[in-house]
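Undergrad: So the sequences go chain by chain: F and L. According to the working numbering, the first sequence is numbered sequentially starting from 4. According to the working numbering, the second sequence is numbered sequentially starting from 4. Note that the Cβ used here is the ideal one computed from N, Cα and C, for glycine as well.
There are 2 protein chains.
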Amino acid sequence: MSINIDAVGYECEPYENSWDERDVMLYALGVGASTSELEFTTENSIGVDLSVLPTFAVIASGRPPTSLWTRIGQFDPAMLLHGEQYVEIHSNLPTAATAVSRTKVTGIYDKGSGALVVTETVTKDKGSGVDLFTLKSSAFIRGEGGFGGERGGPIKAVELPPRDPDLVITYETAFDQALIYRLSGDRNPLHSDPGFAELAGFERPILHGLCTYGFTARALLNEVCDGDVGRFGLISGRFVSPVYPGDLLSVSIWEESEGALFRTETQGGEIVLDMGVFRFRS
Amino acid sequence: MSINIDAVGYECEPYENSWDERDVMLYALGVGASTSELEFTTENSIGVDLSVLPTFAVIASGRPPTSLWTRIGQFDPAMLLHGEQYVEIHSNLPTAATAVSRTKVTGIYDKGSGALVVTETVTKDKGSGVDLFTLKSSAFIRGEGGFGGERGGPIKAVELPPRDPDLVITYETAFDQALIYRLSGDRNPLHSDPGFAELAGFERPILHGLCTYGFTARALLNEVCDGDVGRFGLISGRFVSPVYPGDLLSVSIWEESEGALFRTETQGGEIVLDMGVFRFRS
Chain F
4 MSINIDAVGY ECEPYENSWD ERDVMLYALG VGASTSELEF TTENSIGVDL
54 SVLPTFAVIA SGRPPTSLWT RIGQFDPAML LHGEQYVEIH SNLPTAATAV
104 SRTKVTGIYD KGSGALVVTE TVTKDKGSGV DLFTLKSSAF IRGEGGFGGE
154 RGGPIKAVEL PPRDPDLVIT YETAFDQALI YRLSGDRNPL HSDPGFAELA
204 GFERPILHGL CTYGFTARAL LNEVCDGDVG RFGLISGRFV SPVYPGDLLS
254 VSIWEESEGA LFRTETQGGE IVLDMGVFRF RS
Chain L
4 MSINIDAVGY ECEPYENSWD ERDVMLYALG VGASTSELEF TTENSIGVDL
54 SVLPTFAVIA SGRPPTSLWT RIGQFDPAML LHGEQYVEIH SNLPTAATAV
104 SRTKVTGIYD KGSGALVVTE TVTKDKGSGV DLFTLKSSAF IRGEGGFGGE
154 RGGPIKAVEL PPRDPDLVIT YETAFDQALI YRLSGDRNPL HSDPGFAELA
204 GFERPILHGL CTYGFTARAL LNEVCDGDVG RFGLISGRFV SPVYPGDLLS
254 VSIWEESEGA LFRTETQGGE IVLDMGVFRF RS
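1) Is it true that the CB of L:Tyr216 sits closer than 8 Å to the CB of L:Leu264?
2) Is the Cβ of F:Asn47 closer than 8 Å to any Cβ of chain L?
3) Return the first residue and the last residue of the beta strand (DSSP E) that F:Tyr247 is part of.
4) For L:His211, which of helix, strand or coil comes out of DSSP?
5) Does the beta carbon of F:Pro192 come closer than 8 Å to any beta carbon on chain L?
6) Does F:Ser37 get closer than 8 Å to chain L when you measure Cβ to Cβ?
7) I'd like to check one pair, L:Glu261 with L:Arg282: are the Cβ atoms closer than 8 Å?
8) Taking Cβ positions, are L:Arg190 and L:Ala200 nearer each other than 8 Å?
9) Which ranges does the alpha helix (DSSP H) cover as unbroken runs of at least 4 residues, wholly within the stretch 39-81 of chain F, from first to last along the chain?
10) Could you check whether the Cβ of L:Gly65 sits closer than 8 Å to any Cβ belonging to chain F?
11) If the cut-off is 8 Å on Cβ atoms, which residues from the stretch 159-184 of chain L count as contacting chain F, listed in chain order?
12) In whole angstroms, what is the alpha-carbon distance linking F:Asn20 and L:Asp169?
13) Who are the near neighbours of L:His85 in its chain, counting only those whose CB is closer than 6 Å to its CB and skipping five residues on each side?
14) Considering L:Arg105, what are the terminal residues of the alpha helix (DSSP H) in which it resides?
15) Report the rounded CA-to-CA distance for L:Leu71 versus L:Val120, giving the unit in angstroms.
16) Would you kindly check if the distance between the Cβ of L:Thr106 and the Cβ of L:Cys15 is under 8 Å?
17) Find the residues of chain L that neighbour F:Phe199, judging by a C-beta separation of less than 9 Å, and give them in chain order.
18) If distances are taken between C-alpha atoms only, which option among L:Gly188, L:Phe78, L:Ala142 comes closest to L:Ile158?
19) By the DSSP assignment, the alpha helix (DSSP H) with L:Arg25 in it spans what residues?
20) What are the residues that DSSP puts in a beta bridge with L:Asp134?
21) Is L:Ile202 buried or exposed, if buried means 16 or more other CB atoms sit within 10 Å of its CB?
22) What is the DSSP secondary structure of F:Ile158, counted as helix, strand or coil?
23) Compare the C-beta of F:Thr44 against all C-beta atoms of chain L and say whether one is closer than 8 Å.
24) For the alpha helix (DSSP H) containing F:Ala181, name the first residue and the last one.
25) Within the continuous alpha helix (DSSP H) that includes F:Leu202, where are the two ends?
26) Applying a beta-carbon distance threshold of less than 9 Å, which residues of chain L neighbour F:Ser195?
27) Taking Cβ positions, are F:Glu123 and F:Thr137 nearer each other than 8 Å?
28) Taking any Cβ of chain F, which residues in the stretch 12-30 of chain L have a Cβ under 8 Å from it, in chain order?
29) For the putative contact between F:Leu224 and F:Gly230, defined by C-beta atoms under 8 Å, what is the C-beta separation to the nearest angstrom?
30) Classify F:Val254 as helix, strand or coil using the three-state DSSP reduction.
31) Mind checking if F:Leu213 is an interface residue toward chain L, Cβ cutoff 8 Å exclusive?
32) Any beta-carbon of chain F closer than 8 Å to the one on L:Leu32?
Below, the structure written as structure tokens:
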């Protein structure tokens, strides 16, 4: 056991990340926006202003300094799985900016077969000082459980209604989807190299969980917010199964007065993103 | 008439352009390389080194300073069409570098309905001083002909054999192909904005000619050079009709001892890139 539970409460030093219009458009293409969403994929179409997809927040924050993970412990990075992701938008993201983020370890839980590390990141626009977004993320580290800690709960507990969804939106991922998405920053070869993917126990490279997340958020933005990024407040969900590039992603949506609940499945009916919560911006 | 034929012989001051691995991989995705060409689309696959597609040269050179076109004359940029493109590779392109280029006006011809401006660009690696490539390009400026100049000939005259081609390689362009390709630098809204494309007389945005060119060069690289960029020497061709994103591109190849001749057509049999010449590196 090399996870340090005393890391709970630790906050790393502030770190910066910059992006420009090209990064914003490349991310949009990476999560499947195309010719029908020119406000996210072009900066110079007549009568259209470039907007930033809200889930670009997971890229815009940048990566915490390695000191954060050194504090949490020593483990094989190949054993780390993305558990849940929560994104809360405070202000529309600028199309080009430098952001300053701080990340804090808010919990380390003992799930038996592994440790669950929960972090929270708060990001501001460096130039204006405006609060941009808050991220909460959990990482499941296989093989690092059994240390007698608390089991903890989900970042955002939710039960999906037993009734049929109000909407089901289906998007197709491309065979080269992960190759495009990875240029936004996550170059883990699990998503691109067949040899590496096989060593990791997959039949071929799997799509980035955050790519599935971005497709899902586009469905919510387009269908629940009428494409208005200003209405997009909070999204949270749990990654439960891998997606392969080329898969269809069907987002089932249950509308609520304050937003929606959702779940994402592949063409075979396998749930890939579960316990989904969406909230309008308050 | 505002084309200055005295510009022939003018060479602009040297200009620089830098690129990195992300630019190289984004270009490869832009011209359709995907999961079966990981040497062009990933930098960290086991046993695979990132290589640069030879036609990345048209991006790597960067853009000449505006003084070049000021010297050539004043005209509506919307009247400019890409005529021919010639790329001669002297050394394999580095995956990250700064290049220094010089561009010279080598000819201005009177085609009656327009003026044809031919330029030549010589590009070196700034760090090593190594010669990287030579580009020759012709731009047809509609409405600027009739000034009584020479008619000139093609950059590289060629007659395709009357016999059936030895090989026909067909690639599919994606509906968002131009949206990906444009992030390599050519943001002309003719390739992305339906409103702008309609004003320019097209039913919808057309693919970049140099994107079609990149697909065609991939076919030659994969089929005539067995994927070995070191064998890729020279490619030249003339743009004759527009391609729409989503079109199929079929490259007909006639093999020769020193390379091949080729032509690219869409699914309807319309020739889009003609008078194609390919030569092995000498």
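TA: Taking the structure as given:
1) no
2) yes
3) Looking at the DSSP string, F:Tyr247 is not in any beta strand (DSSP E), and its letter there is neither H nor E.
4) coil
5) yes
6) yes
7) yes
8) no
9) 41-44, 60-63, 69-75
10) no
11) Ala177, Phe178, Asp179, Leu182, Ile183
12) 52 Å
13) Gly212, Phe242
14) Run containing L:Arg105: none in the alpha helix (DSSP H); it sits in the beta strand (DSSP E), 100-113.
15) 12 Å
16) yes
17) Asn47, Ser48, Ile49
18) L:Ala142
19) 24-33
20) L:Lys127
21) Reading off the sequence shown, one finds Leu at residue 202 of chain L, where the question assumed Ile. Answer is exposed; the Cβ neighbour count stays below 16.
22) coil
23) yes
24) 180-184
25) 197-202
26) Thr38, Leu41, Thr44, Thr45, Asn47, Ser48
27) yes
28) Arg25, Met28, Leu29
29) 6 Å
30) strand
31) no
32) yes
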